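These notes concern the structure reproduced below.
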Amino acid sequence: MITARKRRFDLIRTSLPGKLECWFRDHMNYRGYKASLDVRDDDGTIMIKVVTHKAMEESFAEQSLDERDSRMQKKVLQDLKGLSGGERSYTTACFIMSLWKCMESPFRCMDEFDVFMDMVNRRYIMEMLADMAKDSKEVQFFFFTPQPIQELKRDMFEVFTLKRIAGIFNEEQQQQQENQE
5 MITARKRRFD
15 LIRTSLPGKL
25 ECWFRDHMNY
35 RGYKASLDVR
45 DDDGTIMIKV
55 VTHKAMEESF
65 AEQSLDERDS
75 RMQKKVLQDL
85 KGLSGGERSY
95 TTACFIMSLW
105 KCMESPFRCM
115 DEFDVFMDMV
125 NRRYIMEMLA
135 DMAKDSKEVQ
145 FFFFTPQPIQ
155 ELKRDMFEVF
165 TLKRIAGIFN
175 EEQQQQQENQ
185 E
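Shown next, in the form of structure tokens:
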């Protein structure tokens, strides 16, 4: 019995990193980014590298057609420190969604995931989260954001907006909130 459990554990342990990387690449590809994810058991780290549109354009402008593929592998893959705030937030959200795909849980929650995202990356992530929630009927999702969410189709979800407390919002936020209501 214990031997069977150990074999099952070893199977899960060896297959999970591949699944995680596959889901991560799929999520990153939704935005047209190329990415790699390397789970390192020996030191307990995960290395994430990303190819953004900007990096791809720079590489393509510099190289002939024959040189592009090999050059992209060497130059364009960058770790998260080289990404903009929006790209980093997008990458983090994709990583979390990939983890969710690899594990079971009745609840999934994200808090202020879009604070540093530009509107383009935010729209992509909101669409991906909405699709994931729609496809996972056995799971309850909770997303907390200070940003308005009018781009979501509300017939698919229940959206709860907290009432503002006087004096907390600046004028721009107050006007956005009033326009939503």
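Numbering (this note's numbering), first residue to last: 5 to 185.
Glycine residues also receive a C-beta, built at the ideal position from the N, C-alpha and C atoms.
Since this is a predicted model, take the numbers as computed values, not measurements.
Three or more beta-carbon pairs separated by less than 8 Å are not found between the region 46-58 and the region 11-19, which leaves the two stretches without contact.
With the rule of 3 Cβ pairs closer than 8 Å, the region 36-50 does not count as touching the region 130-148. The three-state secondary structure of LYS138, taken from DSSP, is helix.
Taking all protein chains shown into account, ASP135 has fewer than 16 neighbouring C-beta atoms within 10 Å of its C-beta and is therefore exposed. Just measuring C-alpha positions, the residue of ASP122, MET123, ALA97 and GLN151 sitting nearest CYS113 is ALA97. Cβ contact annotation for TRP27 (same chain, cutoff 8 Å, sequence separation greater than five): MET101, SER102, LYS105 and CYS106, in chain order. Following the DSSP letters along the chain, one finds THR149 in no beta strand (DSSP E), marked with neither H nor E. With contacts defined by Cβ atoms closer than 8 Å, GLU182 and THR149 do not form a contacting pair. When the five nearest sequence neighbours on each side are left out, the beta carbons in the same chain lying within less than 6 Å of the beta carbon of GLY89 are those of PHE120, in order along the chain. The shortest CA-to-CA distance from LYS38 to any of PRO21, ARG12, TYR94 and ALA8 is the one to TYR94.
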